[in-house]
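One structure is given here, and the rest of the page talks about it.
Protein chains: 2
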Amino acid sequence: MKTDLSPARGMRDLLPATVAVRDHVLAAITDVYRRYGYRRIETPALENIERLQGGQGGENEKLIYRVLRRGLDERVAADTAVGDLIDLGLRYDLTVPLSRFYGQNRASLPDPFRSFQVGPVWRAERPQKGRYRQFYQCDIDMLGEPSVLAEIELVEATTEALAATGLADTTVRVSDRRFLSALAARAEVPEAAWDGLFITLDKLDKIGWAGVRAELTGRGLPEPQVDRLTDTIEGLHGVEAGKLVDALADALPNLGEDVLADLRTTADALAVLAEQRDLRWEFDPTLVRGMGYYTGQIFEIVHPASAGSVAGGGRYDRLIGRLSGTDVPACGISIGFERIVDLLGGTPERASVAVLYDADVPLAEVLAAARRLRAAGRTVSPVRRRGKFGAQLGRLEEWGFGSFVHLRADLLDATAELQERHLGEA
Amino acid sequence: MKTDLSPARGMRDLLPATVAVRDHVLAAITDVYRRYGYRRIETPALENIERLQGGQGGENEKLIYRVLRRGLDERVAADTAVGDLIDLGLRYDLTVPLSRFYGQNRASLPDPFRSFQVGPVWRAERPQKGRYRQFYQCDIDMLGEPSVLAEIELVEATTEALAATGLADTTVRVSDRRFLSALAARAEVPEAAWDGLFITLDKLDKIGWAGVRAELTGRGLPEPQVDRLTDTIEGLHGVEAGKLVDALADALPNLGEDVLADLRTTADALAVLAEQRDLRWEFDPTLVRGMGYYTGQIFEIVHPASAGSVAGGGRYDRLIGRLSGTDVPACGISIGFERIVDLLGGTPERASVAVLYDADVPLAEVLAAARRLRAAGRTVSPVRRRGKFGAQLGRLEEWGFGSFVHLRADLLDATAELQERHLGEA
Chain A
1 MKTDLSPARG MRDLLPATVA VRDHVLAAIT DVYRRYGYRR IETPALENIE RLQGGQGGEN
61 EKLIYRVLRR GLDERVAADT AVGDLIDLGL RYDLTVPLSR FYGQNRASLP DPFRSFQVGP
121 VWRAERPQKG RYRQFYQCDI DMLGEPSVLA EIELVEATTE ALAATGLADT TVRVSDRRFL
181 SALAARAEVP EAAWDGLFIT LDKLDKIGWA GVRAELTGRG LPEPQVDRLT DTIEGLHGVE
241 AGKLVDALAD ALPNLGEDVL ADLRTTADAL AVLAEQRDLR WEFDPTLVRG MGYYTGQIFE
301 IVHPASAGSV AGGGRYDRLI GRLSGTDVPA CGISIGFERI VDLLGGTPER ASVAVLYDAD
361 VPLAEVLAAA RRLRAAGRTV SPVRRRGKFG AQLGRLEEWG FGSFVHLRAD LLDATAELQE
421 RHLGEA
Chain B
1001 MKTDLSPARG MRDLLPATVA VRDHVLAAIT DVYRRYGYRR IETPALENIE RLQGGQGGEN
1061 EKLIYRVLRR GLDERVAADT AVGDLIDLGL RYDLTVPLSR FYGQNRASLP DPFRSFQVGP
1121 VWRAERPQKG RYRQFYQCDI DMLGEPSVLA EIELVEATTE ALAATGLADT TVRVSDRRFL
1181 SALAARAEVP EAAWDGLFIT LDKLDKIGWA GVRAELTGRG LPEPQVDRLT DTIEGLHGVE
1241 AGKLVDALAD ALPNLGEDVL ADLRTTADAL AVLAEQRDLR WEFDPTLVRG MGYYTGQIFE
1301 IVHPASAGSV AGGGRYDRLI GRLSGTDVPA CGISIGFERI VDLLGGTPER ASVAVLYDAD
1361 VPLAEVLAAA RRLRAAGRTV SPVRRRGKFG AQLGRLEEWG FGSFVHLRAD LLDATAELQE
1421 RHLGEA
């Protein structure tokens, strides 16, 4: 029998060494957020299809895995719409489920509610190297907190969580959607064109100023407006943290006092953090963040080892209300779980001991030896002697064992100390 | 806007207190198996539908959530078979994915391979109280080990894992499918009727001997055969562990020497364990275990607090080969994760501190106070003062906080010790 044993297209199996790295990252993150009072929740993988197709998911809604209704006839009646055959879909993110969860369970949740979610989401994307159709998202959100306490705490907890995984030395990039709106308004860009403007700005990293200018004029923005925009942005790039709020007030007189006060509070708090930890922060006037639902400060956290950001998020005060009918101020950060796992790679522990036993050793002796080593705190697995000795030791090493004891029937002595030998030190 | 915010039918949201119990159980189990060298793997939730419908899943195959192909036309052509519209399904257990995983990745896995899996599976069952259409399974398996070392180690590790969750005082029920076959053969039951016979025997707990006898004669078994069967079983019930193997050899001369030797080894090992730990074991001649794929010793682990078993499994030497084309001896135990979580219930920790701050306290002071408490190892969350003081303290207690500090603008003193007060001790 010859069978194709690959995972379904675009999916992957996670082998023990990979899972070990994932578990390490997850444990480090979970422990930090727990100490900030974030509590893990879980929602089902399947949601009613209408909820997933509610229009807030953008392009992701096209990538939903749709699930057939149960109890259908074997043959589909002529002219049936595909939509009539389905009633459920696999979640494509953790935000839509969170909004449903919050609307449903608000009465029994703390206020503000500090939420921690980690789990798989599914998107039927074109398969490509390093991207999979099932992947983990890791979201922390504070729901019900209108002040920038939320923003600051989330950044503080997240940078600490990243450091706990092994990614210290992070830089926090900060901006504010209200700043971007004031910028566009001041340059007299019509409001209908703001989203396009922001999308172009977001590409500065990739296409440079020349590219951004070309795209903006291509979008029909007059040259003088483009000049005014780029001058304002350039003037704010690299402004010293202490002078940021004054610089913003000068550059954009139309910027609300509340926006300035919020940015001042965040800037001061990040300055305190930067003193205490291996952490930098900067205001980045070209930071946009893709999703359209942000309403206030936005963040990205970068690390020298990674080209893309390792975390990002911001305030989204109106989304939960739109999705669930329950209005609530909200702020969240998503950690790039899969990216971080890829960055950290595998670092096998090699702490486990193989109890290598000859075929004629009674199993009771094998089990007793394993038990003795385990009682001493070791990780222990019996393995039967087989094939050439050196070759088998090579395999044990490959499999991640760090050492072994060899049980031979002619040398059994339950009272003697077990002779442990290290692997890989020929 | 009025929206239905319930989870999809038969699904449920897991709130923080529930997730905390689940995480506790999972951490306890994981830690024990890790010390035995079991390594966690993960397979995708979606599998190709042909694999799931391969015929080894029994009734479960009727409960598969089937996933629509991507890129279908909006209207289904006349006379299309439902089967042509789908290509994937959600896994209904962890055994089918394990067999595919093992066949695919065997070359890079240790031999024997100690596998640990935990994760959701999906079954479109009729919704009923306490049963959900998405639930967790927790399977440990040893693949590649032909001897009862596998059986014994799995029972040893599992009873230790159960004790670590808080369920010590377990009893292990042992039988062997080869014993059941010998029993049926000795009573001259035709082989085609064995499965039905075993299914009836399995109901002894529920329907008693009278019920079993009625069902067996109803199945067409002559009275003398039924007598012989029940006499043999009754004679073996409650036999002292030390005399078990002799009793079996006497009662069933057709029982193979290998079966007796295996049972003797397992019995001796369990006797050693029972001396060392709070653990009992017994041979249970009516133990069957539902699935048809078992080939050797079978187990069930029960606990006084639970009507049903809390874990069960056995040897299934031919299943992996049938599913994947790669023959390998295999033995596994499945832990009743959801049942154990239900048994243990919620025991909130109450270790977290609320930093209750008046609206006029600068956020920097709030954050600094939280940071000071966290540096001392505490779990800390700021909460704004709001409403009547006593009522808010009541809410804090409801939300699981164990204590609070109250920050007031007129009493701020960054150097003073924070006055922590306990909740729920009026």
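So the protein sequences, as listed, match chains A and B.
No gaps in the numbering here: position 29 of the first sequence is 29 in this note's numbering, and each next residue is one more.
No gaps in the numbering here: position 104 of the second sequence is 1104 in this note's numbering, and each next residue is one more.
Backbone N, C-alpha and C define an ideal beta-carbon position, used for all residues, glycine too.
Tell me the residue span of the alpha helix (DSSP H) that contains residue i.
i, result
"R1384 of chain B", "It is not in any alpha helix (DSSP H) - R1384 of chain B instead sits in the beta strand (DSSP E) that spans 1379-1384."
"P1120 of chain B", "Unbroken run through P1120 of chain B is the beta strand (DSSP E), 1113-1122; no alpha helix (DSSP H)."
"D262 of chain A", "257-276"
"A354 of chain A", "Per DSSP, A354 of chain A belongs to no alpha helix (DSSP H); it is in the beta strand (DSSP E), 352-357."
"G1321 of chain B", "1319-1324"
Based on Cα-Cα distance, which residue from the options lies nearest to residue i?
i, options, result
"L263 of chain A", "A:D176, A:A185, A:R213, A:F135", "A:D176"
"D1023 of chain B", "B:G1071, B:Y1136, B:A1391", "B:Y1136"
"A17 of chain A", "B:D1093, B:E1047, B:D1139, B:S1108", "B:S1108"
"P304 of chain A", "A:D169, A:P127, A:Q53", "A:D169"
"T1265 of chain B", "B:D1284, B:A1251, B:L1287, B:Q1297", "B:Q1297"
"Q1056 of chain B", "B:R1091, B:P1007, B:P1044", "B:R1091"
"T1295 of chain B", "B:V1148, B:R1133, B:P1110", "B:V1148"
"G394 of chain A", "A:R374, A:K243, A:V245, A:G424", "A:G424"
"G345 of chain A", "A:V212, A:A391, A:A20", "A:A20"
Between residue i and chain B, is any beta-carbon pair separated by less than 9 Å?
i, result
"V25 of chain A", "no"
"S181 of chain A", "no"
"G130 of chain A", "no"
"T80 of chain A", "yes"
"Q53 of chain A", "no"
"R100 of chain A", "yes"
"H406 of chain A", "no"
"A426 of chain A", "Any reading at A426 of chain A must be qualified, since the residue scores a pLDDT of 44, below 50, and its modelled position is unreliable; the value itself is stated next. Output row for A426 of chain A: interface = no."
"P16 of chain A", "yes"
"R395 of chain A", "yes"
For residue i, which residues from the same chain have a beta carbon less than 7 Å from its beta carbon, with the 5 sequence-adjacent residues on both sides left out?
i, result
"I1340 of chain B", "V1025, T1165, L1167, V1310"
"M1001 of chain B", "Summary for M1001 of chain B: the model assigns pLDDT 47, below 50, so the residue's position carries little reliability, and this model does not support an answer."
"R51 of chain A", "V96, R100"
"P1382 of chain B", "V1355, Y1357, V1366, A1370"
"L1287 of chain B", "R1173, S1175, I1298, E1300"
Quick check: is the beta carbon of residue i nearer than 9 Å to any beta carbon in chain A?
i, result
"N1060 of chain B", "no"
"E1420 of chain B", "no"
"Y1293 of chain B", "no"
"F1431 of chain B", "Coverage of chain B is limited to positions 1001 through 1426, which leaves residue 1431 of chain B absent and any answer about it impossible."
"W1399 of chain B", "yes"
"R1012 of chain B", "yes"
"T1043 of chain B", "yes"
"E1074 of chain B", "yes"
"E1234 of chain B", "no"
"L1085 of chain B", "yes"
Near residue i, which residues of its chain fall below 8 Å by C-beta distance, leaving aside the five closest residues on each side in sequence?
i, result
"V1076 of chain B", "L1085"
"L412 of chain A", "V361, E365"
"E257 of chain A", "none"
"P1127 of chain B", "R1009, G1010, R1133"
In terms of residues, what are the limits of the beta strand (DSSP E) holding residue i?
i, result
"T428 of chain A", "The structure shown does not extend to residue 428 of chain A, since chain A spans only 1 to 426, so no value can be given for it."
"E282 of chain A", "279-283"
"H1024 of chain B", "No beta strand (DSSP E) holds H1024 of chain B; the alpha helix (DSSP H) holding it covers 1016-1035."
"L244 of chain A", "Not the beta strand (DSSP E): L244 of chain A falls in the alpha helix (DSSP H), residues 244-251."
"R315 of chain A", "311-315"
Along chain A, in chain order, which residues have C-beta atoms closer than 7 Å to that of residue i?
i, result
"S1324 of chain B", "T3, L5"
"A1124 of chain B", "R70"
"P1110 of chain B", "W399"
In chain B, what lies closer than 7 Å to residue i by C-beta?
i, result
"G37 of chain A", "S1352, T1379, V1380, S1381"
"D278 of chain A", "Residues of chain B passing the Cβ test: none, with the nearest at roughly 16 Å."
"D268 of chain A", "A1364"
Which residues of chain A have a Cβ atom closer than 9 Å to the Cβ of residue i, listed in chain order?
i, result
"T1265 of chain B", "P362, L363, A364"
"Y1065 of chain B", "L46, V67, L68, R70, L88"
Give the interface partners of residue i over in chain B, defined as CB-CB distance under 8 Å, in chain order.
i, result
"I152 of chain A", "L1363, L1367"
"Q431 of chain A", "Residue 431 of chain A is absent from the structure shown; chain A starts at 1 and stops at 426."
"Q19 of chain A", "The question names Gln, but residue 19 of chain A is Val in the sequence shown. Ordered by position in chain B, the residues that pass the 8 Å Cβ test against V19 of chain A are R1039, R1040, I1041, E1042."
Since residue i meets chain B, which of its residues come closer than 9 Å, beta carbon to beta carbon?
i, result
"S147 of chain A", "L1363, R1384"
Quick one: residues in its chain with C-beta nearer than 6 Å to the C-beta of residue i, no 5 flanking neighbours on either side, listed in chain order?
i, result
"A426 of chain A", "For A426 of chain A, the predicted structure reports a pLDDT of 44, less than 50, and the residue's modelled location is therefore unreliable. The matter cannot be settled from this model."
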